[in-house]
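Our numbering puts the first residue of the sequence shown at 30, with every later residue one more than the last.
Where is the CB? At the ideal position from N, CA and C, for every residue including glycine.
In what follows, a single structure is set out as C-alpha cells and then discussed.
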Amino acid sequence: MLAASPQQVEVFSDEGCVDAYNCAVAAANECARINEEDGAPADEPFYTWQSMCIEHEEQPAGICPDCNQA
Ligand SMILES: [Zn+2]
C-alpha cells in the first residue's frame with residue numbers, strides 16, 4: 030500500500046453518507062455486504078460508494094466542481 034494522502038471513500042444510502050473509508054476496496058466490499066444483507070436487487074442497490082475529492086471532502090473525486098472550475 031502506498032502511504033499517500035488518505036483518500037476518503039464514502040458509502041451512501043439514499044439518506045446520505047452511512048460510512049467512510051480510506052480505501053475504495055474496503056468501501057466497495059462493505060457496500061456489497063450491506064446491500065446483500067438488506068436484500069437489495071443487483072441492478073438497484075440500496076447503498077453506493079463514492080471516492081471523495083482529497084481537497085474538498087464534500088465533493089466527489091474526478092467530478093469535483095471546485096477542482097474543475099476553469
Ligand atoms: Zn476538489
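Worksheet entry | Option nearest Val54 by Cα separation, candidates Gln88, Ala90, Gln79, Ile92 | It is Gln79 whose Cα lies nearest to the Cα of Val54.
Between the CA atoms of Gln98 and Asn64 - distance to the nearest angstrom
Their backbone Cα atoms lie some 35 Å apart in a straight line.
Item to complete: List in chain order the residues whose CB is within less than 6 Å of at least one heavy atom of ligand 1.
Response: Proximity to ligand 1 was defined by a C-beta distance below 6 Å to any of its heavy atoms, and the residues meeting it, in sequence along the chain, are Cys82, Glu84, His85, Gln88, Cys93, Asp95, Cys96.
By a C-beta neighbour count over all protein chains shown, 10 Å radius and 16 as the cutoff for buried, is Cys82 buried or exposed? With 16 or more other CB atoms across the displayed protein chains lying within 10 angstroms of its CB, Cys82 is buried.
Tyr50 versus Glu84 - alpha carbon distance: Tyr50 and Glu84: Cα-Cα distance of roughly 16 Å.
For Phe79, write down the residues that DSSP places opposite it in a beta bridge. Sequence inspection shows Gln at residue 79; the Phe mentioned does not correspond to that position. Looking at the DSSP assignment, Gln79 forms a beta bridge with Glu39.
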